[in-house]
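Everything on this sheet refers to the single structure shown next.
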Amino acid sequence: MDYYYYFHYLMIIIIINSLSVFCQEQSQREYRELITEQIIFLPKYYQVFNHTDLPVVKNELSITLKINIIKHEYNGYYHTIFYKGNTSDNQTPSLWLRATEPVPLVRCSTTSNIRTGFELDDYEFRITQWYHIAYTISDPDKRMNLYIDGKWVGSYSLRIIQNEFIIFNDEPLYIGKNPHSASNDGFFGLISNFRYYNFRLSHEEVLKDYSGEDPTIINDDDSGTTSNFILVIVSYFLGMITLAGGYILRNSINRRQYQTID
(Lines of atoms letter the chains of each structure in order from A and count residues from 1; the text may use other names and numbers.)
(Lines give C-alpha, C1' and ligand atoms only; values in the text may rest on other atoms or scores of the structure.)
Protein backbone atom coordinates (compact mmCIF):
# COMPACT_ATOMS: atom_id res chain seq x y z
CA MET A 1 0.00 0.00 0.00
CA ASP A 2 1.38 3.37 -1.01
CA TYR A 3 0.80 5.65 1.98
CA TYR A 4 2.33 8.61 0.16
CA TYR A 5 -0.75 9.08 -2.01
CA TYR A 6 -3.04 8.94 1.00
CA PHE A 7 -0.93 11.63 2.65
CA HIS A 8 -0.99 13.65 -0.56
CA TYR A 9 -4.80 13.63 -0.72
CA LEU A 10 -5.05 14.41 3.01
CA MET A 11 -2.92 17.54 2.63
CA ILE A 12 -5.00 18.70 -0.33
CA ILE A 13 -8.21 18.28 1.68
CA ILE A 14 -6.76 20.22 4.65
CA ILE A 15 -5.63 23.10 2.43
CA ILE A 16 -8.95 23.30 0.56
CA ASN A 17 -10.90 23.26 3.83
CA SER A 18 -8.72 26.04 5.27
CA LEU A 19 -9.28 28.21 2.22
CA SER A 20 -13.03 27.54 2.19
CA VAL A 21 -13.38 28.37 5.91
CA PHE A 22 -11.46 31.61 5.39
CA CYS A 23 -13.64 32.64 2.45
CA GLN A 24 -16.82 31.63 4.30
CA GLU A 25 -15.91 33.77 7.31
CA GLN A 26 -15.46 36.79 5.07
CA SER A 27 -18.69 36.24 3.11
CA GLN A 28 -20.78 35.99 6.29
CA ARG A 29 -19.89 39.53 7.37
CA GLU A 30 -22.64 41.70 5.95
CA TYR A 31 -25.02 44.49 6.86
CA ARG A 32 -28.09 46.28 5.62
CA GLU A 33 -28.62 50.02 5.82
CA LEU A 34 -32.27 50.30 6.83
CA ILE A 35 -32.32 54.09 6.91
CA THR A 36 -30.01 56.27 4.84
CA GLU A 37 -31.40 59.79 4.64
CA GLN A 38 -32.67 61.71 7.67
CA ILE A 39 -36.11 60.62 8.87
CA ILE A 40 -38.05 62.32 11.61
CA PHE A 41 -39.50 60.17 14.39
CA LEU A 42 -42.35 61.14 16.67
CA PRO A 43 -43.84 59.28 19.65
CA LYS A 44 -46.64 58.10 17.33
CA TYR A 45 -44.48 57.61 14.23
CA TYR A 46 -42.08 54.67 13.96
CA GLN A 47 -40.78 52.11 11.45
CA VAL A 48 -40.85 48.30 11.46
CA PHE A 49 -38.57 45.89 9.60
CA ASN A 50 -39.33 42.17 9.35
CA HIS A 51 -36.74 39.69 10.54
CA THR A 52 -36.50 38.20 7.03
CA ASP A 53 -35.41 41.61 5.70
CA LEU A 54 -32.36 41.63 7.98
CA PRO A 55 -28.99 39.85 7.57
CA VAL A 56 -28.95 36.38 9.14
CA VAL A 57 -27.63 36.53 12.70
CA LYS A 58 -26.11 33.56 14.50
CA ASN A 59 -24.83 34.68 17.89
CA GLU A 60 -23.73 38.31 17.55
CA LEU A 61 -24.77 41.56 15.87
CA SER A 62 -24.17 45.29 15.76
CA ILE A 63 -26.35 48.33 15.12
CA THR A 64 -25.03 51.76 14.19
CA LEU A 65 -26.96 54.96 13.58
CA LYS A 66 -26.85 58.73 13.67
CA ILE A 67 -29.38 60.40 15.94
CA ASN A 68 -30.48 63.93 16.74
CA ILE A 69 -32.87 64.31 19.67
CA ILE A 70 -34.99 67.39 19.01
CA LYS A 71 -37.12 67.28 22.16
CA HIS A 72 -37.25 65.11 25.26
CA GLU A 73 -40.36 65.21 27.42
CA TYR A 74 -41.17 63.19 30.52
CA ASN A 75 -44.16 60.89 30.01
CA GLY A 76 -43.56 58.25 32.66
CA TYR A 77 -41.99 55.74 30.22
CA TYR A 78 -38.61 55.07 28.74
CA HIS A 79 -38.28 56.45 25.22
CA THR A 80 -37.49 53.69 22.70
CA ILE A 81 -34.84 54.24 20.03
CA PHE A 82 -34.95 50.66 18.71
CA TYR A 83 -36.34 47.36 19.94
CA LYS A 84 -36.21 43.89 18.36
CA GLY A 85 -38.98 41.57 19.44
CA ASN A 86 -42.75 41.51 19.90
CA THR A 87 -42.85 40.85 23.64
CA SER A 88 -41.06 41.92 26.79
CA ASP A 89 -39.54 38.43 27.15
CA ASN A 90 -37.06 39.02 24.36
CA GLN A 91 -35.62 42.43 23.56
CA THR A 92 -32.27 41.63 21.96
CA PRO A 93 -31.18 44.20 21.04
CA SER A 94 -32.83 47.33 22.40
CA LEU A 95 -31.77 50.89 23.12
CA TRP A 96 -33.73 53.42 25.12
CA LEU A 97 -33.60 56.89 26.62
CA ARG A 98 -34.39 57.44 30.28
CA ALA A 99 -37.84 58.90 30.91
CA THR A 100 -36.60 61.95 32.81
CA GLU A 101 -33.57 62.91 30.66
CA PRO A 102 -31.94 61.74 27.41
CA VAL A 103 -29.57 59.22 29.02
CA PRO A 104 -28.92 56.04 26.99
CA LEU A 105 -30.09 52.70 28.33
CA VAL A 106 -28.75 49.49 26.70
CA ARG A 107 -30.70 46.23 26.97
CA CYS A 108 -30.74 42.61 25.81
CA SER A 109 -32.37 39.38 27.00
CA THR A 110 -30.47 36.43 28.45
CA THR A 111 -31.40 33.04 29.84
CA SER A 112 -31.26 34.47 33.38
CA ASN A 113 -32.66 37.98 32.89
CA ILE A 114 -34.91 39.36 30.14
CA ARG A 115 -33.73 42.92 30.91
CA THR A 116 -29.96 42.65 31.05
CA GLY A 117 -27.95 45.79 30.44
CA PHE A 118 -26.73 49.12 31.76
CA GLU A 119 -27.39 52.86 31.83
CA LEU A 120 -24.84 55.61 31.26
CA ASP A 121 -25.64 57.62 34.36
CA ASP A 122 -22.89 60.14 33.69
CA TYR A 123 -23.73 60.69 30.02
CA GLU A 124 -26.60 62.75 28.67
CA PHE A 125 -27.34 63.57 25.03
CA ARG A 126 -27.64 67.24 24.19
CA ILE A 127 -30.81 68.36 22.48
CA THR A 128 -30.56 69.19 18.73
CA GLN A 129 -27.03 67.76 18.44
CA TRP A 130 -26.07 64.88 16.14
CA TYR A 131 -24.47 61.76 17.61
CA HIS A 132 -23.15 58.52 16.15
CA ILE A 133 -24.15 55.45 18.17
CA ALA A 134 -22.78 51.92 17.85
CA TYR A 135 -24.31 49.03 19.79
CA THR A 136 -22.49 45.67 19.64
CA ILE A 137 -23.41 42.38 21.28
CA SER A 138 -21.82 38.92 21.19
CA ASP A 139 -22.77 35.70 22.91
CA PRO A 140 -19.32 34.09 22.36
CA ASP A 141 -17.78 37.14 24.09
CA LYS A 142 -20.66 37.29 26.62
CA ARG A 143 -20.65 41.04 26.27
CA MET A 144 -22.32 44.13 24.84
CA ASN A 145 -20.68 47.47 24.16
CA LEU A 146 -21.83 51.01 23.46
CA TYR A 147 -19.87 53.57 21.46
CA ILE A 148 -20.77 57.23 21.00
CA ASP A 149 -19.01 59.26 18.31
CA GLY A 150 -16.41 56.52 17.96
CA LYS A 151 -15.57 56.42 21.68
CA TRP A 152 -16.14 53.32 23.80
CA VAL A 153 -18.37 54.67 26.59
CA GLY A 154 -19.89 51.59 28.25
CA SER A 155 -20.07 47.82 28.37
CA TYR A 156 -21.68 44.96 30.22
CA SER A 157 -20.36 41.40 30.59
CA LEU A 158 -22.37 38.36 31.60
CA ARG A 159 -21.31 37.01 34.97
CA ILE A 160 -22.22 33.32 34.72
CA ILE A 161 -20.34 32.61 31.52
CA GLN A 162 -20.89 28.85 31.27
CA ASN A 163 -24.61 28.80 32.05
CA GLU A 164 -25.88 32.18 30.81
CA PHE A 165 -26.55 32.90 27.15
CA ILE A 166 -27.78 35.89 25.17
CA ILE A 167 -31.13 35.17 23.51
CA PHE A 168 -31.54 36.33 19.93
CA ASN A 169 -34.92 36.28 18.19
CA ASP A 170 -36.52 36.09 14.75
CA GLU A 171 -39.07 38.84 15.40
CA PRO A 172 -39.38 42.30 13.80
CA LEU A 173 -37.10 45.24 14.50
CA TYR A 174 -38.94 48.37 15.66
CA ILE A 175 -37.28 51.76 15.33
CA GLY A 176 -38.85 54.41 17.56
CA LYS A 177 -41.34 52.08 19.24
CA ASN A 178 -41.72 49.52 22.01
CA PRO A 179 -44.25 47.08 20.45
CA HIS A 180 -45.66 45.59 23.65
CA SER A 181 -46.43 49.00 25.18
CA ALA A 182 -49.68 50.82 24.53
CA SER A 183 -48.15 54.17 25.48
CA ASN A 184 -46.51 56.62 23.09
CA ASP A 185 -43.02 55.70 24.24
CA GLY A 186 -41.11 56.67 21.10
CA PHE A 187 -38.84 59.69 20.86
CA PHE A 188 -38.89 63.05 19.10
CA GLY A 189 -35.90 63.40 16.78
CA LEU A 190 -34.06 62.44 13.61
CA ILE A 191 -32.30 59.23 12.58
CA SER A 192 -30.06 58.55 9.58
CA ASN A 193 -27.58 55.88 8.45
CA PHE A 194 -29.20 53.11 10.49
CA ARG A 195 -27.15 49.95 9.82
CA TYR A 196 -27.82 46.40 11.00
CA TYR A 197 -24.73 44.13 11.01
CA ASN A 198 -24.73 40.35 11.49
CA PHE A 199 -21.42 40.38 13.35
CA ARG A 200 -19.80 42.22 16.26
CA LEU A 201 -17.98 45.34 15.18
CA SER A 202 -14.54 45.83 16.70
CA HIS A 203 -13.55 49.28 17.92
CA GLU A 204 -11.58 49.84 14.70
CA GLU A 205 -14.62 48.86 12.65
CA VAL A 206 -16.83 51.19 14.70
CA LEU A 207 -14.44 54.02 13.83
CA LYS A 208 -14.76 53.09 10.15
CA ASP A 209 -18.54 53.24 10.37
CA TYR A 210 -18.29 56.54 12.25
CA SER A 211 -16.15 58.03 9.47
CA GLY A 212 -18.56 56.81 6.79
CA GLU A 213 -16.50 53.83 5.58
CA ASP A 214 -17.72 50.27 5.06
CA PRO A 215 -16.37 47.97 7.81
CA THR A 216 -17.09 44.86 5.70
CA ILE A 217 -14.54 45.89 3.05
CA ILE A 218 -11.21 44.17 3.63
CA ASN A 219 -8.22 46.52 3.67
CA ASP A 220 -4.53 45.76 3.95
CA ASP A 221 -4.55 47.44 7.34
CA ASP A 222 -7.00 44.90 8.77
CA SER A 223 -4.54 42.97 10.90
CA GLY A 224 -6.95 40.19 11.88
CA THR A 225 -7.99 39.38 8.35
CA THR A 226 -4.45 39.77 7.02
CA SER A 227 -3.02 37.44 9.67
CA ASN A 228 -5.65 34.80 8.89
CA PHE A 229 -4.88 35.03 5.19
CA ILE A 230 -1.13 34.79 5.84
CA LEU A 231 -1.76 31.74 8.03
CA VAL A 232 -3.61 30.02 5.20
CA ILE A 233 -0.84 30.85 2.70
CA VAL A 234 1.89 29.64 5.07
CA SER A 235 -0.04 26.42 5.68
CA TYR A 236 -0.34 25.95 1.94
CA PHE A 237 3.39 26.34 1.27
CA LEU A 238 4.32 24.18 4.26
CA GLY A 239 2.02 21.51 2.90
CA MET A 240 3.64 21.75 -0.54
CA ILE A 241 7.12 21.55 0.99
CA THR A 242 6.05 18.50 3.00
CA LEU A 243 4.65 16.86 -0.11
CA ALA A 244 7.80 17.60 -2.08
CA GLY A 245 9.98 16.28 0.74
CA GLY A 246 7.90 13.13 0.96
CA TYR A 247 8.13 12.63 -2.78
CA ILE A 248 11.93 13.03 -2.80
CA LEU A 249 12.29 10.71 0.20
CA ARG A 250 10.07 8.12 -1.46
CA ASN A 251 12.08 8.19 -4.69
CA SER A 252 15.33 7.96 -2.74
CA ILE A 253 14.08 4.88 -0.86
CA ASN A 254 12.91 3.29 -4.09
CA ARG A 255 16.30 3.86 -5.75
CA ARG A 256 18.10 2.25 -2.83
CA GLN A 257 15.75 -0.71 -3.01
CA TYR A 258 16.46 -1.12 -6.71
CA GLN A 259 20.20 -0.91 -6.09
CA THR A 260 19.96 -3.58 -3.38
CA ILE A 261 18.05 -5.88 -5.68
CA ASP A 262 20.60 -5.42 -8.48
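For what it's worth, my numbering labels the leading residue of the sequence shown as 530, then goes sequentially. We treat Cβ as the ideally placed atom computed from N, Cα and C, and that holds for glycine.
Relative to the alpha-carbon of residue i, which residue among the options has its alpha-carbon at the smallest distance?
| i | options | result |
| --- | --- | --- |
| Asn642 | Val577, Tyr676, Glu630, Gln620 | Gln620 |
| Cys637 | Asn588, Gln567, Phe654 | Asn588 |
| Tyr628 | His608, Arg644, Gly614 | The amino acid occupying residue 628 in the given sequence is Ala; Tyr does not appear at that position. If we check each option's Cα against that of Ala628, His608 comes out closest. |
| Thr565 | Lys595, Phe611, Pro631 | Lys595 |
| Ser710 | Trp659, Asp618, Phe694, Thr640 | Asp618 |
| Lys613 | Gln691, Val635, Glu630 | Val635 |
| Phe728 | Pro701, Asn722, Phe697, Ile666 | Ile666 |
| Ile690 | Pro669, Asn698, Met673 | Pro669 |
| Arg558 | Leu571, Leu583, Asn698 | Leu583 |
| Phe570 | Asn615, Asn597, Leu624, Asp651 | Asn597 |
| Phe723 | Val585, Phe647, Ile610, Arg644 | Ile610 |
| Tyr664 | Pro572, Ser731, Asp743, Thr593 | Thr593 |
| Trp625 | Ile695, Pro744, Leu649 | Leu649 |
| Lys680 | Leu590, Val586, Tyr660, Arg561 | Tyr660 |
| Gln658 | Met673, Ser623, Ile720 | Ile720 |
| Asn698 | Phe647, Leu730, Glu742, Val586 | Val586 |
| Phe647 | Ile696, Ser731, Glu630, Val682 | Val682 |
| Phe654 | Pro701, Leu563, Asp678, Thr645 | Asp678 |
| Glu700 | Ser623, Gln567, Glu562 | Ser623 |
| Leu590 | Ile696, Arg644, Tyr652 | Ile696 |
| Thr645 | Arg688, Pro631, Asp651 | Arg688 |
Across which residues does DSSP place residue i in a beta bridge pair?
| i | result |
| --- | --- |
| Phe611 | Leu624, Ile704 |
| Gln576 | Ile704 |
| Tyr676 | Ala663, Trp681 |
| Leu594 | Ile662 |
| Thr639 | Ile695 |
| Lys600 | Phe717 |
With a cut-off of 8 angstroms on the beta carbons, I'd call residue i and residue j a contact; round off their distance for me.
| i | j | result |
| --- | --- | --- |
| Lys671 | Ser684 | Going by Cβ atoms, the distance from Lys671 to Ser684 rounds to 11 angstroms, so no, they are not a contact pair. |
| Ile662 | Ile599 | With 8 angstroms as the limit, Ile662 and Ile599 do not qualify as a contact, their Cβ atoms being about 16 angstroms apart. |
| Leu675 | Pro633 | 7 angstroms |
| Tyr574 | Gly705 | 7 angstroms |
| Thr639 | Phe694 | 6 angstroms |
| Tyr725 | Tyr560 | 6 angstroms |
Return the first residue and the last residue of the beta strand (DSSP E) that residue i is part of.
| i | result |
| --- | --- |
| Tyr664 | 659 to 667 |
| Lys680 | 680 to 686 |
| Tyr726 | 717 to 726 |
| Leu563 | 560 to 564 |
| Lys473 | Because the chain in this structure spans residues 530 to 791, residue 473 falls outside the shown range and cannot be described. |
| Thr645 | 645 to 648 |
| Val632 | Segment: none, Val632 is in no beta strand (DSSP E) and carries neither H nor E. |
| Phe697 | Segment: none, Phe697 is in no beta strand (DSSP E) and carries neither H nor E. |
| Phe570 | 568 to 570 |
Can you tell me where the alpha helix (DSSP H) holding residue i begins and where it ends?
| i | result |
| --- | --- |
| Lys737 | 732 to 739 |
Do the segment 709 to 725 and the segment 603 to 610 meet, that is, are 3 or more Cβ pairs less than 8 angstroms apart?
-> yes
Three-pair Cβ contact test at 8 angstroms for the segment 732 to 740 versus the segment 579 to 587 = A contact between stretches requires three or more CB pairs, one per stretch, nearer than 8 angstroms, and the segment 732 to 740 fails this requirement with the segment 579 to 587.
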